[in-house]
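To start, the structure under review is shown below, and the notes come after it.
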Amino acid sequence: MRKLLSVVMLAIAVLAFSWTRPALAGDADNGAKIFSNSCAACHIGGGNVIMANKNLKKEALDKYAMNSLEAITKQVYNGKNAMPAFGGRLNPQEIEDVATYVLEKSEKGW
12 MRKLLSVVML
22 AIAVLAFSWT
32 RPALAGDADN
42 GAKIFSNSCA
52 ACHIGGGNVI
62 MANKNLKKEA
72 LDKYAMNSLE
82 AITKQVYNGK
92 NAMPAFGGRL
102 NPQEIEDVAT
112 YVLEKSEKGW
């Protein structure tokens with residue numbers, strides 16, 4: 012009985028520590044407004060005027076492992092190569108909203 016109780020307690024502990032909360036999606040409507048004001052100059056219609064192959068279309072997001080909220084949020088926040096960082100210009104919620112918008116648009120085909 013004692014061994015069974017130990018196994019059950021261990022299982023509960025493992026589950027408790029491995030449980031992760033699902034990522035909350037941002038507000039795509041707000042993301043569309045922010046995208047229009049802050050991103051569309053370079054990414055009009057899901058494209059990329061500076062590096063055409065690094066666009067926001069589903070195939071490119073999949074190819075470059077940018078097909079998640081976390082990946083897009085990190086890229087927008089920190090910037091990379093020709094893309095400037097928006098971490099100082101947009102707050103975390105606005106960045107999440109933009110990421111949600113980009114993912115939704117990429118799924119629908121811009």
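Every number in the working numbering is 11 more than the matching position in the sequence shown, counting from 1.
A virtual CB, placed ideally from N, CA and C, is assigned to each residue, including glycine.
Look at the alpha carbon of residue i and the alpha carbon of residue j, and state the distance between them as a whole number of angstroms.
i           : j           : result
residue 71  : residue 117 : 9 Å
residue 78  : residue 69  : 7 Å
residue 98  : residue 12  : 55 Å
residue 66  : residue 37  : 21 Å
residue 34  : residue 80  : The predicted model places residue 34 with a pLDDT of 48, which falls under 50 and marks its position as unreliable; any figure quoted below should be read in that light. One C-alpha to the other measures close to 8 Å.
residue 75  : residue 64  : 10 Å
residue 86  : residue 17  : 44 Å
residue 121 : residue 14  : 57 Å
residue 53  : residue 47  : 10 Å
residue 49  : residue 103 : 14 Å
So, at 6 Å on beta carbons, what are the nonlocal neighbours of residue i in its own chain, with the 5 sequence-adjacent residues on each side left out?
i           : result
residue 90  : 96
residue 115 : 39
residue 58  : 66
residue 88  : 98 and 106
residue 55  : none
Sorted by chain position, which residues of the same chain lie with C-beta nearer than 7 Å to residue i's C-beta, five sequence neighbours on each side aside?
i          : result
residue 84 : 106, 107 and 110
residue 41 : 108
Am I right that residue i and residue j are in contact with their C-beta atoms under 8 Å? What's the rounded C-beta distance?
i           : j           : result
residue 93  : residue 61  : 5 Å
residue 101 : residue 23  : Incorrect: roughly 40 Å between the Cβ atoms, too far for contact.
residue 43  : residue 112 : 5 Å
Bridge partners for residue i per DSSP, in chain order?
i          : result
residue 91 : 94
Shorter than 8 Å from the beta carbon of residue i to some beta carbon of chain B?
i          : result
residue 58 : Here chain B cannot be found, since the structure has a single protein chain.
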